[in-house]
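One structure is given here, and the rest of the page talks about it.
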Amino acid sequence: MRAACLRSIVGLAVLLHGVAGVFVNSLLAEDPPQRATPWRSSRVHGTPEPPLPYKATRVFKNVKLDHPTDIAWLPDAQRWIATQQNGPIVSFSNDPNTAELTKVLDLNDCHRQPVGQTLTTLFHHDLERFPWCFVCYTYNGSEERGTKVARFKVIDPTVPTVDPQSRQVLVQWQPTGHTGSSMQFGPDGMLYVSVGDTQAPYPPDAEETGQDLSDLEASILRIDVDLPEGDVTYRIPADNPFVGVPNARGEIWSFGLRNPWKIAFNPDNGDLLAADVGWEMREMIHRVTRGRNHGWSLMEGSQVVKQGRQPRVPITPPLFEHTHLDSRSITGGHFWQSDRLPELKGAYIYGDWMTGKVWALKSDGDTVLWQKELLDTSLQIVCFMLDPSGEVLLVGFDGTIMRLDPNDAVNHPEAFPKRLSQTGLFDDVVAQQPSSGVIEYQINASHWADGTHSRQWIGVPNDEQLGLYDYDDWQRPIVSGRFQFPIDTVVAKTVSYYRDPNDKSTITHLETQILHLPDDEWRAYNYVWNADQTDAILQDDIASETKLQIIDSDSPGGSRTQTWRHASRSECLLCHIWAGGTVQGFWLPQLNLVDHGENQLDRLYDKGYFQNKFDWPDAIASPHDTSQSLTRRARSYLSLNCSSCHRPQGGGTANFNFDITKTLQTNNFVNEIPAQGNFGIDDARVIAPGDPYRSILLYRILKSGRGHMPQFGSRVTDIDGVRLLHDWTVSMAKSNREFQWKTVEARLEDSSDLAAEANRYLDTPQHALALSLAVGLGKLPQPTRDQIIQLALTSDDSLTRDLFEPYLPEQQRTQRLGPDIDPQTLLAIEGSSDRGRQLFEESRDINCRSCHRIGSVGKLVGPDLTGIAANQSPLEILTSILQPSAKIEAKFRSQQILTADGQIIVGIVTANTSDSITLVDSSGKPHVVDHNEIERSQPAEKSAMPDQLLSGMTASQAADLLAYLISTSPPDAGAEGVSRGPE
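Numbering of the sequence shown is given in the numbering used here, commencing with residue 96 and proceeding in unit increments.
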C-alpha cells in the first residue's frame, strides 16, 4: 500500500524519517565484518534484450537539494526555483558547474510550528504587472491547519526575493492523504491547481469525495488570480463547467482524480495532461478538459473499484494507463521542446517514483499516437524540470538531477554472457569451481524436482553486503524476513541427475539456472548444458526438453525414459515471484544449518556478507528429516512445492495458502471445502483431518492429467511426498474409515482372485485413491502391481485412470497438450460439440461449470458463456482460456483481502456497502467482511480462472470443448441469471 500514500504527508514523512526501519532492528551492537573476498569478476550485467534508447547523465552535481518536490524555471531571474519538502524554497543558476543555492523563502518563518510539506512554487507569468509568487504546502499546526495555496509578494524578481510577511491564503483543503498540489498557468492565463482526494489508501476514498462536487478534493481547479473579487483573493471564471450548478464548487474544472501528481500544458496545442497516482492496479495519464469526470473512486482507470454506482457525469477513460507491472506511483512531467533529441520533440515525458522508469508519449486529442519506455533509472522520480531550451530533466527525491542522453549501448551493446563460462561465476565451469568472491551455500530443504539434485551459489558484487526487510510491501518486491540484495547480485543453481542412481560417477548436468538483479526486479535465465558437459548455453525465452535415459531395474529393459523441461525465462518467474521473496533458497530459515561443523549463517556473517548479525530464526524442516514432527515436515513440503502460487499475490485461486511463515490456522486449508471441484469425492476437503481419502490435496498430487498439482514444473509423481502428506493427514484425527491403503494391500496379498479384489476399489474415487496408494506406497510384488495398474487403466472413469497412469512408463501415458499449446494447430482440429457438451456438463475433472454457465447449467461466478461466439472469434475464445489474466473484465476481477486475524479471502466483489464488502469465491461461496476487519485489500493481479486449464487435456478434448463453446446460442435478452448482488 506504500505507493498509495507515498505522496501523502504520512508517506513522505515515513520515507524520510523511517528508513532505518527497512532493516530488522533486533541486531547485535558490534560493527559487522567487512567482506573478506569481494566478487569483481562478474560479467552478468544488463539483459540479453536490446538496451533502452536513452541513459541518464547527472548534472548540477554541486547542487545539494534536501528532498525536492518541484523545480521550475524563472525567466525573470534566469534561475531555477526549487521547492524542498521540509519548507525552504531555494534558487540556483543554470550553470551546472557553478550553481549554488540561494534562499528564496522559508515557509517555516511564516508559522509558529514547522510546515508539513512544501509541494510546489509558481511565480506569476507576468511579474511586472502581478509581482506574486504562489506556494502550495501543508501545515498541521494548531492554527490554520490544511493544505493551502498561498500568495506572496515578490520584492525583486531578478534575484528573486519574496516577502514572507505578505502571505495571503487563496484556497485550502484537508492536509491529510493524497494532496495532489501541482500548479500551472494555462494558455488562457488562469491558474490550474491539482487536488488529491486527501484520503488514506484504504478503504478507497472513504469519504466519497472523488465524485463529490461540493468540495474541492479530487479535482483540477481553475481560478483567475489576476482579477480578485472583493475580499476573495481569486475570481471563479464564468465559463467554468459547474458555475451555477447546485451544491457544486465553481472552482472545479474537472474531477474524479485520486492523486494528480504534476500537471503540464502542451505548448503546441494547449492540452492539459495530469499524471494520476492510482490505487492498487493502475497508474493513469489523463487528458483534462472542461467538465470531465475521470472516474475515481468508481473507477481506477479501466478497473472498477466500486460496483453498481452510476456517475453524475459520464466517465472519460484515461488517455493512457499503466498496470502495476511497470508503474506503481506515477510522476507527471513536461513536453519536450528541444531540438537536441529531435525524435522526442513534442512528446510528453513522464516517469515513476517506484520503478524509476521514464516514458514518452505523443497524442492527438484523446488518441495516443505512440508511447514507449525511454530508460530505467534507480531514482525515486519526484518531478521533472523543463529547462529554457525545452529539454526535460529528471529529478530524484534524493536531490539528484539528470538529463537524457542517447544510450551508446544501443549501438555497442555489452554482450550478455551466452555461455555459463562467460558469466564470471566459475573459475572452472566443468568442475563447478566458483570464482573468487562467489560462495556456494547449502539449504535445509529442496522442492521436488523429479528426482534431480542441485548445488547453489551466490555472487554479491564487489564488497557489497545484504540487508534484511522487516515489512511487507504488496506493490514493491519487499517481503518481511527476506534479504535486500545489492544491484547485480547473481544467484545460481546447477540441476543434475545420475544416469545410474547407484553410481555417482554418472552425474550429468542438465541446466544452470540464474537469477540476476539488474535493477529493482529480478530476471531469470537458463543455461542448458551441452552433451559434452563442457559448458552451458544461454537459452532464449522459450522452453525446451531433454529426454533422459535412467537405469532402473524395475523398468522394462532395465531403464526408463524421463523428459526434463528446461523452463523459459517467463516460466521460471511463475515460481520465482516477488511475493514469495523471488530468491527462495537464500533465506534465513533455509540457511540456518550446520555445515562442516559450523553454522552456515555465522560463517556468512564472519565473511562479511551481512550488514548486521540478524537474529537467526528457526530452521525450516527437511521433509525427509524423520527426527522432525510430521507437521513441520509436511508444512515444509507444501511451502516448498505449492506456496509460490498459494500465497497472497501468488495467483492461486483458492482461499487458502501454504505460506510457512503464517500459522496453520491462517493457512486455511485444513477442513476447507475445495474451490475448484471435488473430483467426485463425497464430502471432500482440501485436507480432511484423519481421512486422506477425502483430501483433494492428496488426490491432486497423485493423479495425472487435468487437475494435477502443481500445474507446472514437475512431471514425475513424488511418492515420498505423497506418503508424507498421507501420514500427516492420518495423524490429525482419529478416523472411523473401514479401509486404509495398508488394509487394501493386505487384502490384495491374501486374495485368490486379484482382479476381483482390485475391482472392489475401482467403484469410487476414494476407493481408487486407496488402491493407488497401495500400489505406490506398498510392497506388492511387481507383477501384482502391473496387473492392478493395467486393470485400473481399463476403467471407464477417467478420474480412476488418472490415479494409476503415473505408474506407467512415460511413453505409455496419455499424450496431453501440456504447457506449450499452439492455438492455430488446436483450432485446426475438428471437435465434436456433443462431446464438448458432455465435458462441460458432466465431467468431474473439468470444472468450467463451477464458475460459468451455458444455458441452464453452471454458475455465474464468472461470465455467462452462452452464445460467446456471437461476440468473440474462435481464436479470441481460445486465447482467453490460454491467457486468462491477459484481459479481465472489470466486474470479474477478484479482490484479495487480508483480515485483521490473518485470514486471506479471494473472490469477486458482489456488494460493497459503507459497512462491509461481499466476495464470492471460486466455489460460489459468499464471504461478508466488515470494513473495520480488513487489514489490507487489493485487486488480484491474476484472473480467478486458473492458468494451464487445457494443459492436462488431450488435443481432441480441448477441440471438443471449443466446439461446444462456439456452437451455443446467445441467451434470451430477458433470461435471469444467478444473483450476484448489486453491480
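Here a beta-carbon is modelled for each residue, glycine too, at the ideal position from N, C-alpha and C.
Residue pairing by DSSP places ASP310 opposite no residue, since no beta bridge is assigned to it.
Ranked by Cα distance from PRO613, the first of ASN597, CYS228, PRO556, CYS667 is PRO556.
In the displayed model, GLN212 falls within a strand according to three-state DSSP.
Judged by their CB atoms, TYR704 and GLN560 are nearer to each other than the 9 Å cut-off. In the DSSP assignment, SER639 falls within the unbroken beta strand (DSSP E) covering 639–646. With respect to the 9 Å criterion, ILE476 and LEU160 are not classified as neighbours on the basis of their beta carbons. By the Cβ-count criterion, PHE225 is exposed, with fewer than 16 other Cβ atoms from all chains shown falling within 10 Å of its own Cβ.
ALA1053 places its beta carbon 9 Å or farther from that of SER989.
Around the beta carbon of HIS507, fewer than 16 other beta carbons sit within 10 angstroms, so the residue counts as exposed.
Taken in chain order, the stretch 811–896 contains no complete beta strand (DSSP E) segment of 3 residues or longer. Nearest in C-alpha terms to ILE814, of all of TYR564, PRO1034, TRP543, is TRP543. Minimum Cα-Cα distance from PRO298 among the listed residues ILE358, GLU324, LEU393, PRO282 corresponds to LEU393.
Per the C-alpha coordinates, the member of ILE715, LEU864, ASN762 positioned closest to ARG789 is LEU864. Secondary structure of ARG618 (DSSP, three-state): strand. Judged by DSSP secondary structure, GLY554 falls within the beta strand (DSSP E) whose first and last residues are 548–554. Bridge partners of HIS1022 according to DSSP: LEU1014.
With a beta-carbon spacing of about 35 Å, VAL952 and TYR902 fall beyond the 8 Å limit used to define contacts.
When the Cα atoms are used, ASP493 and LEU311 turn out to be separated by approximately 31 Å. Ranked by Cα distance from ALA729, the options ALA714, ILE755, SER422 are led by ILE755. Contact annotation: the stretch 479–493 does not touch the stretch 623–631, with fewer than three C-beta pairs closer than 8 Å. Taking the Cα of TYR1059 as reference, the smallest distance to any Cα among THR961, SER1032, THR1008 is reached at THR961.
Closest by C-alpha distance to ILE166, out of ASP881, ILE331, TRP624, LEU217, is LEU217. Contact between PHE187 and TRP175 holds: CB atoms are separated by about 5 Å, below the 8 Å threshold. In the DSSP assignment, THR418 falls within the unbroken beta strand (DSSP E) covering 415–418.
In this structure, DSSP gives LEU169 an extended state, which the three-state scheme calls strand.
ALA851 sits away from PRO784, with the two beta carbons spaced by 9 Å or more. A distance below 9 Å separates the beta carbons of GLY800 and ARG911. Each of ALA245, PHE479, ILE1012, SER1046 was checked against the Cα of GLY403, and the nearest Cα belongs to ILE1012.
Membership of PRO259 in the beta strand (DSSP E) is indicated by the continuous run 256–268.
Residues GLY241, THR242, THR293, GLU312 of the same chain have their beta carbon placed closer than 8 Å to that of GLN269, with the five preceding and five following residues left out of the count. When PHE807, PRO805, VAL765, ILE949 are compared, the shortest CA-CA separation from PRO787 is found for VAL765.
With contacts defined by Cβ atoms closer than 9 Å, PRO191 and VAL139 do not form a contacting pair. The continuous beta strand (DSSP E) containing ALA587 extends over residues 585–593. It is roughly 37 Å from the alpha-carbon of VAL290 to the alpha-carbon of GLY957. Excluding sequence positions up to five before and after PHE511, its CB lies within less than 8 Å of the CB of VAL139, HIS140, GLY141, THR142, PRO143, LEU633, all in the same chain and listed in chain order. Straight-line measurement puts the Cα of ASP366 at about 20 Å from the Cα of PRO409.
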